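This report refers to the structure that appears directly beneath it.
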Amino acid sequence: MKNTFSILFIALFFVACKQKIKPADVEKLNGYWEIEKVTFDTVKDKDYNINESYDYFKIDKNNKGIRKKVMPQLDGTFLVNDAYENVTVRFKDDKTYIDYSTPFTKWSEELITLTDDELVLLNAEKKEYHYKKTGPINLLGDGKKVK
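Each residue of the sequence shown is one higher than the one before, counting from 2 in our numbering.
Here is the structure:
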């Protein structure tokens, strides 16, 4: 009986600690995000030690914007192309979703965690994508600052 109460208490603790994303938090999405790992239901997590591309989000005050894939360069710049996804942040039933659209398809991901340094997204296949906030890198040592 004591174990049952302990398990119930721990379960309630985790449910109560789930982050509630507020509309004011959406601006934290803006910037560069580097994927750290993907967690799956049935197989081992996949860690990403080196990334060739980052996700760049730019969301306005109306919760609309874009997501682009960018490739960091050694001098602190990014290679970009014209491809992007339209993004809308949506709040429904105490949950937050990011709706994506391109001329070819539409999909949504649930926004699980959003802080200044961490982003976790859950897709329809129950894969969790864990990101960390990042920025330009400059490995050339030329002393120049990048924007």
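Glycine is no exception: its CB is placed at the ideal position from the N, C-alpha and C atoms.
These numbers were taken from a predicted model, which means no experiment stands behind them.
Am I right that residue 33 and residue 49 are in contact with their C-beta atoms under 8 angstroms? What's the rounded C-beta distance? Translated into positions along the sequence shown, residue 33 becomes position 32. Translated into positions along the sequence shown, residue 49 becomes position 48. Contact flag wrong, Cβ pair sits at about 15 angstroms.
Completely contained beta strand (DSSP E) runs for the stretch 27-73, where each covers 3 or more residues: 32-40, 55-60, 65-73
For residue 79, which beta-bridge partners are listed by DSSP? In the sequence shown, the residue the question calls residue 79 occupies position 78. Residue 79 is bridged to 73.
Alpha-carbon spacing of residue 74 relative to residue 57, whole angstroms: Reading the sequence shown from its first residue, position 73 is the one you call residue 74. Reading the sequence shown from its first residue, position 56 is the one you call residue 57. Rounded to whole angstroms, residue 74 to residue 57 spans 15 angstroms at the Cα level.
Grab me the residues of residue 123's own chain with a C-beta within less than 7 angstroms of its C-beta, minus the 5 sequence neighbours each way, in chain order. On the sequence shown, residue 123 is found 122 positions in, with the first residue counted as 1. So the list reads 110, 111, 113, 129, once near-sequence residues are dropped.
Smallest Cα separation from residue 71: which of 101, 53, 87, 100? To locate residue 71, count along the sequence shown from 1; it is residue 70. When only C-alpha atoms are compared, the closest one is 53.
C-alpha gap between residue 91 and residue 139, whole angstroms: In the sequence shown, counting from the first residue as 1, residue 91 sits at position 90. In the sequence shown, counting from the first residue as 1, residue 139 sits at position 138. About 36 angstroms.
Distance between residue 80 and residue 105 (C-alpha atoms, nearest Å): Indexing the sequence shown from 1 puts residue 105 at position 104. Indexing the sequence shown from 1 puts residue 80 at position 79. Near 23 angstroms, if we compare the C-alpha coordinates of residue 80 and residue 105.
Residue 60 and residue 31: beta carbons closer than 8 angstroms? The residue labelled residue 60 in the question sits at position 59 within the sequence shown. The residue labelled residue 31 in the question sits at position 30 within the sequence shown. Contact flag set, yes.
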